[in-house]
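Taking it in order: structure first as structure tokens, then the write-up.
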Amino acid sequence: MIIVREVAQLRQAIAERRQLGTNRAKAEYGSAAIQQHTVGFVPTMGYLHEGHASLMQKARELSDTVVLSIFVNPIQFGPNEDLDSYPRDEARDLEVARREGVDIVFLPTVAEMYPQPTRTKIHVSALTERLCGASRPGHFDGVTTVVAKLFNMVNPDLAFFGMKDAQQVAVLQQMVTDLNMNVTIVPCPIVREADGLALSSRNVYLSAEQREQALVLSQSLRKVREVSEDAVQNSFTIGQIHQMVESTITSSPLADIDYIEILTFPGLEPILAEQRLSDVQEDIIVALAVKFGNTRLIDNIRLQKAEVLSHV
Ligand code: AMP
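Set out below in structure tokens:
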């Protein structure tokens, strides 16, 4: 596994891997059959867990070269957020990367990523105005800007992102399409603890009591899944489902709700509260952000239109 901290080294390491792949294909199949060498990219902020590992596994499965980046990106944090306390453990992260068969790890410093004040930002409109975009002003501009920079450095064919951050997937897909970026976004399913809590680097902030009560997030979403699969209950309206999720979450005294929203996916358009779940003609996302003390957790469930039994 190659570990690099500078952009120039990263570019060189990737170029060598691409060259290697092409040469091998030429030797095996002759120059008429140069097979494409596929680079898969997994951007992260480190403190790696099984959710991150699942992205690396998918990347390993689909790519010749797997590139992992670990960078806690300051420009996606608000002034009162957890940039300084964000958990970090480089040695452990490198062990996880090695175990998952990553080829190249990019570990830049802030000075390497932002050698001068950035005057260029990427802003995706509309999709960034709701959910976490509303609660965390400027957050998605920070995300799209750093991901665009990383894409320009790595030049990946495939880039892997978790549906844990579903809005991020929608926003990045829009950016890639709007700007004709030559990369395919591969969304990957949410990885959960055995008891349902979605894995997150921020879970380490939770006290034992908060950790216990945080289960209301996944429990409320599991109820939504059950309703969607039930031929009678899926005549519930969006408003009723919202109510059901809210009452599950408020059953936890420590939960402080930031938002509960039911939107179309990936368009992130609101759905009328009176509309029956079974009558919605698009995929739906039920997305939550809930604070436990200073720790803000997010979770979501996506209901694909085909999975919702139609109401008869
Ligand atoms: P982060 O390090 O939190 O920025 O996350 C890096 C990538 O890992 C993002 O694409 C996240 O959506 C993804 N990710 C984080 N937690 C999970 C999870 N529990 N399941 C699947 N993907 C995840």
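Under this note's numbering, the first residue of the sequence shown is numbered 3, with each subsequent residue one higher. Positions of the beta carbon are idealized from the N, C-alpha and C atoms, including for glycine.
The ligand AMP heavy atom lying under 8 Å from the CB of residue i
i, result
"LEU201", "yes"
"ASP197", "no"
"LYS28", "no"
"VAL297", "Residue identity differs from the one stated: residue 297 is Thr in this sequence, not Val. Checking the Cβ of THR297 against the ligand AMP gives no."
"GLN141", "The identity of residue 141 in the sequence shown is His, whereas the question assumes Gln. Not under cutoff, so the answer is no."
"PHE153", "no"
"MET115", "no"
"TYR207", "no"
"THR46", "yes"
"MET165", "yes"
"PRO325", "Any property of residue 325 remains undetermined from this structure, which presents the chain solely from 3 to 314."
"PHE162", "yes"
"LEU57", "yes"
Check whether residue i and residue j have beta carbons under 9 Å apart
i, j, result
"GLN78", "PHE142", "yes"
"VAL173", "THR146", "yes"
"MET3", "LEU96", "yes"
"MET58", "GLU114", "no"
"THR46", "PHE73", "yes"
"LYS166", "VAL193", "yes"
"ILE251", "VAL218", "yes"
"VAL104", "VAL148", "no"
"ASP260", "SER137", "yes"
"ARG204", "THR297", "yes"
"VAL339", "ALA210", "Shown here, the chain extends from 3 to 314; a query on residue 339 therefore has no answer."
"LEU290", "LEU199", "no"
Proximity winner among the options, relative to residue i (alpha-carbon distances)
i, options, result
"ASP66", "ASP260, TYR49, ASP159", "ASP159"
"GLN38", "MET47, LYS28, VAL44, THR46", "LYS28"
"ALA196", "GLN11, VAL41, GLU52, LEU22", "GLU52"
"ILE106", "LYS166, MET155, VAL218, GLU248", "MET155"
"PHE267", "ALA275, PRO119, GLN169, LYS293", "GLN169"
"VAL229", "ARG213, ALA150, MET246", "MET246"
"ARG304", "LYS225, VAL292, VAL288", "VAL288"
"LEU12", "PRO189, VAL69, VAL98, GLY241", "VAL69"
"GLY295", "VAL126, SER237, GLU83", "GLU83"
"ALA150", "ASN75, ILE124, PHE108, ARG132", "ILE124"
"PRO189", "GLY23, LEU64, ILE240, GLN14", "LEU64"
Bridge-paired residues (DSSP) for residue i
i, result
"GLY164", "CYS190"
"ASP258", "LYS293"
"PRO119", "DSSP, once it has assigned bridges, lists no residue as partnering PRO119."
"ARG317", "As shown, the chain starts at 3 and ends at 314. That puts residue 317 outside it, with no answer to give."
"GLU211", "DSSP output for GLU211 lists no bridge partner at all."
"ARG278", "THR239"
Residue i, buried or exposed, once every other Cβ within 10 Å from all chains shown has been counted against 16
i, result
"VAL314", "Residue placement at VAL314 cannot be trusted, given a pLDDT of 42 that sits under 50; what the coordinates show is reported in the next sentence. VAL314 should be labelled exposed."
"ASP301", "buried"
"PRO272", "exposed"
"MET177", "buried"
"ASN182", "exposed"
"TYR31", "exposed"
"ALA93", "exposed"
"LEU263", "At residue 263 the sequence reads Glu, which differs from the Leu that was named. With 16 or more other Cβ atoms within 10 Å, it is buried."
"GLY80", "exposed"
"SER254", "buried"
"ARG19", "buried"
"ASN25", "exposed"
"GLN283", "exposed"
"ALA17", "exposed"
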